[in-house]
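K.L.:
When you line the sequence shown up against mature numbering (1 follows the signal peptide of the UniProt record, and there is no 0), it's residues -29 to -1, 1 to 49, in that order.
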Amino acid sequence: MASSSPKLFTIFLFLILVVLLFSTSEVQAKLCRGRSKLWSGPCINSKCKRQCINVERAVSGGCHLDNTGVFCFCDFKC
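(1) My assumption, with CB atoms under 8 Å, is that Gly32 sits in contact with Cys49. Please give the rounded CB distance.
(2) Would you kindly work out how many angstroms separate the C-alpha atoms of Phe(-16) and Ala(-1), rounded to a whole number?
(3) Use the C-beta contact count for Cys45: other C-beta atoms within 10 angstroms, 16 or more gives buried, fewer gives exposed.
(4) Ser12 to Gly40, Cα distance in whole Å?
(5) Shortest alpha-carbon distance to Glu27 belongs to which of Ile(-14), Ser17, Arg6?
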């Protein structure tokens, strides 16, 4: 009977570890990228990021290449 207690404890710790590993992988938020709706003009400097975060309430932003040029893109939580 005394030898079964350490085995049960080990199994219990293993199950807790498995649950923690799977639950932390689901916490990561996904981001959706889209062109800024309020940015006008060429995207050359880092003001695009400030515009996305402060005005459009995005998580991040930056100048990225599109098919026709470089534009301000904002990253929103999906």
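We put the beta carbon where it would ideally sit given N, CA and C, even for glycine.
P.N.:
Looking at the coordinates:
(1) Their Cβ separation, rounded to whole angstroms, is 15 Å, which puts Gly32 and Cys49 out of contact at 8 Å.
(2) Their backbone Cα atoms lie some 27 Å apart in a straight line.
(3) Within a 10 Å sphere around the beta-carbon of Cys45 sit 16 or more other beta-carbons, which makes this residue buried.
(4) Position check: residue 12 holds Gly in this sequence, whereas Ser was assumed. Their Cα atoms are separated by approximately 11 Å.
(5) Of the candidates Ile(-14), Ser17, Arg6, Arg6 places its Cα closest to the Cα of Glu27.
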